[in-house]
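Below is one structure; the comments refer to it alone.
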Amino acid sequence: MTITHKEIVEILLHLEGSMCEEFNLQMDGVDLLLRRKVEVSGASLPTATSRPRSQPRSVAEKTITPIQNLSKPQMSSPPPQLPADGASHVELRAPMSGVFYRRPSPDEPAFVEVGDEVKDGDPLCVIEVMKLFSTLYASCSGRIASILVEDSKSIEKSQVLITIDSSN
Amino acid sequence: MKKLLIANRGEIAVRVIEACRKAGVKSVAVYSEADRYSRHIWMADESVCIGPAPASQSYLDIEKLLFVAKAKGADAVHPGYGFLAENAGFARACAEAGLIFVGPNADMIDLMGNKVMARQAASRAGVPIVPGTEGFTLADLPQIMAKVEEIGFPLLLKAAAGGGGRGMRIVRAVSDLEREFKQAVREAEAAFGDGTVYMERYFDKARHIEVQVLSDRHGRHIHLGERDCTIQRRHQKLIEESPSPALSDAERKEVCELAVSLTRTMNYENAGTVEFLYDAVKGGFFFIEMNTRIQVEHAVTEMVTGVDIVYEQLRIASGEHMELKTSEEKPWEHAIEWRINAEDAAREFQPSPGTITHWGCRQGRGVRLDSYVYPGYTVPVNYDSLLGKLIIGGHTREEAIERSRQVLSIFSVQGVSTTIPFYLLLMQQPEFKNGEIYTRWVDDNIGRLYD
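Line by line, the protein sequences are chains G and W. Numbered as in our numbering, the first sequence ends at 668 without a single skipped number. Numbered as in our numbering, the second sequence ends at 692 without a single skipped number.
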């Protein structure tokens, strides 16, 4: 005896409407495991820049994932780089927790200093997360207004790192 | 040995502490401020915070580690893997401080740490090496161009002070050589403090075969079989298994004996791994390097031999004979290790820091999980992404794969992304099932897998 596609769809519909987190059916020739999966928003590196390499997922998406099919990650729009108070200041925020570096390597000068002019796409800093280094880039042109974190300090996700005055 | 300080963190610190308990040795754990909630701390008999998160101010601070060892009355130090495990200066400093260093002596670490010298040592022991050259600096550029004929293309530029898959560049054409060489020297200088670069023939389709070796102070040099670590990404291992699905029994015997002839010739001491490339097209083993430490994947060998390698390390370091008693659970015919990394494979293996809200793995026969995380634990961003290792045993390779599939498909992790979904995808690939993967397979196929 085996389970039909129609029966699986019926089960899914019943589960959708219920509070059930996990459903496991084992019988002759069939081992069906359904688990309610909560997707949490996860920012990608780099993000909030003019060159996103990948797209983060949308917030709190619930899908029931039949274990036979591995669902592919959802694509959605990158989180906007929020202008702070003072409409012309653009904030560079940390896409995830990590370690902040102002220079490409310990023996090189910092990418930028306060007061420097930068163009859209210029490298501003490096973030290290679990031994992986990523460069963050300016999403607009302007002047570096402030650098809020010291070199080699730990940072939290969404922490404001650098602000750019984009007014002309 | 009465009291051991574990100069490391994460899952290997947990592992070493377990071996201490078995050996009746007291353990001292050290931790940085970022590891304040790490599991190895409460497992150990004593623990000491040794500094802020950056490794340079904590796990790599030799003076501090020795100070703590002396202050706590430890008589031995286990360096784990990574950090100071292959730092001859640390081994020497321990010896000078009158502490037992669990590993070979500083001279052996120095020898095998310089990849050019290691190749020479292998050659002297009669072990075939990958066709290649001595080390060169920028001034030697003309000589390099001359050597290229001998080696042939494609070739690999490697940092002499590198290792562990770092500091390597592939060169496919003579027109690229000068530029690539200059860059390689510059990178090696920056990363390892030594710009010496050597060249080796590169095999497009190779398997990575390594042999676990164990040597004591009484002249006994043995091997515990081979591991196949071919499934890698950017030269970093993802999955390891034993025995290798690609070798015949005769080949298996050959590579293991080559490894022991090296340890015997060197009069090596303690645990180590001799790494080879196996030419998947024509056959034949070529020495690449030797790791003079315990490795992440030692657990695979423990699963198929029943030997507790870390426990044997402690015995050897104490001057005892190896016990080599198999554990209560009978060894399996085949074992596979799956490294559970906090990385999102669908997004180019981007690291996935965060707080683990759920961590559930099915336990049972043939299922071993070496891990240090738990629900509620926040993964520090300052160290590597390894959360744990899942090692699965089976009577056959097929059974081990099937059991892996069952366990991985219900291994529940929330709060961070892991490489688990990637492994489930990989297990379905025919090349994996047939044992036809080569070292660059994941790099070459990752785009197709996530199309």
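Here a beta-carbon is modelled for each residue, glycine too, at the ideal position from N, C-alpha and C. This one's a predicted model, so the numbers in the text were calculated from it and none came from an experiment.
Residues bridged to residue i [DSSP beta-bridge criterion]
i      : result
W/H319 : W/I247
W/K628 : Looking at the sequence itself, residue 628 of chain W is Leu, so the reference to Lys does not match. According to DSSP, which records beta bridges pairwise, W/L628 is partnered with nothing at all.
W/R606 : Paired residue(s): none; W/R606 is not in a bridge.
G/G642 : G/V618
W/K267 : W/K244
W/T619 : W/T596
G/P623 : G/Y637
W/L518 : W/H449 and W/F527
W/K478 : W/Q473
Inter-residue spacing [alpha-carbon to alpha-carbon] between residue i and residue j
i      : j      : result
W/Q453 : W/T567 : 16 Å
W/E451 : W/H462 : 16 Å
G/L525 : W/S653 : 18 Å
W/P372 : W/L382 : 19 Å
W/I743 : W/E337 : Since the first and last residues shown for chain W are 242 and 692, residue 743 of chain W lies out of range.
W/V548 : W/D276 : 30 Å
G/K653 : G/A610 : 14 Å
W/P621 : W/K388 : 46 Å
W/E530 : W/A491 : 22 Å
G/L632 : G/S666 : 30 Å
W/D692 : W/I577 : 27 Å
W/L690 : W/T598 : 28 Å
W/A380 : W/V426 : 11 Å
W/T680 : W/F517 : 12 Å
W/T471 : G/T663 : 45 Å
G/L533 : G/E522 : 7 Å
W/W283 : W/K263 : 17 Å
W/C261 : W/R407 : 32 Å
W/L386 : W/A296 : The question names Leu, but residue 386 of chain W is Met in the sequence shown. Taking the straight line joining both Cα atoms gives about 40 Å.
G/I647 : G/E613 : 8 Å
W/L565 : W/A512 : 13 Å
W/L246 : W/D316 : 8 Å
W/A334 : W/L306 : 10 Å
W/E430 : W/A359 : 20 Å
W/D520 : W/F394 : 15 Å
W/L555 : W/E441 : 36 Å
W/Y613 : W/T619 : 11 Å
G/N569 : G/D531 : Because the pLDDT of G/N569 is 32, which lies under 50, any placement of that residue in the model is unreliable, and the question is left without a value.
Residue i, enclosing beta strand (DSSP E) - first and last residue
i      : result
W/T504 : Counting along the chain, W/T504 falls outside any beta strand (DSSP E), though it belongs to the alpha helix (DSSP H) covering D490 to M507.
W/L397 : L396 to G404
W/M544 : Not the beta strand (DSSP E): W/M544 falls in the alpha helix (DSSP H), residues H539 to T546.
W/F308 : Here W/F308 belongs to no beta strand (DSSP E); instead the alpha helix (DSSP H) covers I303 to A312.
G/D665 : V660 to D665
G/M596 : That residue, G/M596, is in no beta strand (DSSP E); it is neither H nor E in DSSP.
W/S299 : From DSSP, W/S299 is part of no beta strand (DSSP E); its letter is neither H nor E.
G/K653 : K653 to I655
W/R410 : R407 to V412
G/L525 : E522 to M527
Residue i: contacting residues in chain G (beta-carbon distance under 7 Å)
i      : result
W/V614 : Ordered by position in chain G, no residue passes the 7 Å Cβ test against W/V614, which lies about 13 Å from the chain.
W/I651 : L533
W/P295 : S652
W/D625 : M630 and K631
Chain W residues whose Cβ lies nearer than 7 Å to that of residue i
i      : result
G/V629 : P592, P594 and V622
G/L525 : None at all; the shortest Cβ gap to chain W is about 14 Å.
G/S605 : A431
Range covered by the alpha helix (DSSP H) that runs through residue i
i      : result
W/W682 : W682 to L690
W/Q384 : L382 to I392
W/A587 : Note, W/A587: premise wrong, no alpha helix (DSSP H); not H, not E.
W/K446 : Per DSSP, W/K446 belongs to no alpha helix (DSSP H) and is neither H nor E.
W/I350 : A347 to G354
W/R432 : A small correction: the amino acid at residue 432 of chain W is Ala; Arg does not occupy that position in the sequence shown. From DSSP, the alpha helix (DSSP H) with W/A432 extends over V415 to F433.
Partner residues on chain G for residue i, Cβ-Cβ distance less than 9 Å
i      : result
W/A583 : M630
Chain W residues whose Cβ lies nearer than 8 Å to that of residue i
i      : result
G/S658 : Chain W residues near G/S658: none, gap ~13 Å exceeds 8 Å.
Interface partners of residue i on chain W, CB under 9 Å
i      : result
G/V676 : Given that chain G is displayed from residue 501 to residue 668, the structure contains no residue 676 of chain G and the question cannot be resolved.
So, do the segment 517 to 537 of chain W and the segment 317 to 327 of chain W have three or more beta carbon pairs nearer to each other than 8 Å? yes
Take every Cβ of the segment 501 to 512 of chain W, pair it with every Cβ of the segment 361 to 368 of chain W, and state whether three or more of those distances are shorter than 8 Å. yes
Three CB pairs or more closer than 8 Å across the segment 275 to 295 of chain W and the segment 244 to 263 of chain W: yes
Across the segment 393 to 411 of chain W and the segment 436 to 445 of chain W, are there enough close Cβ pairs to call them in contact, namely three or more that are closer than 8 Å? yes
Inspect the CB distances between the segment 458 to 475 of chain W and the segment 416 to 423 of chain W and report whether three or more fall short of 8 Å. no
Given 8 Å as the limit, is there contact between the segment 654 to 662 of chain W and the segment 586 to 600 of chain W, that is, 3 or more CB pairs closer than that? yes
Is there contact here, the segment 580 to 592 of chain W with the segment 621 to 630 of chain W, by at least three beta-carbon pairs under 8 Å? yes
The segment 622 to 632 of chain G contacting the segment 595 to 602 of chain G, beta-carbon criterion three pairs below 8 Å: yes
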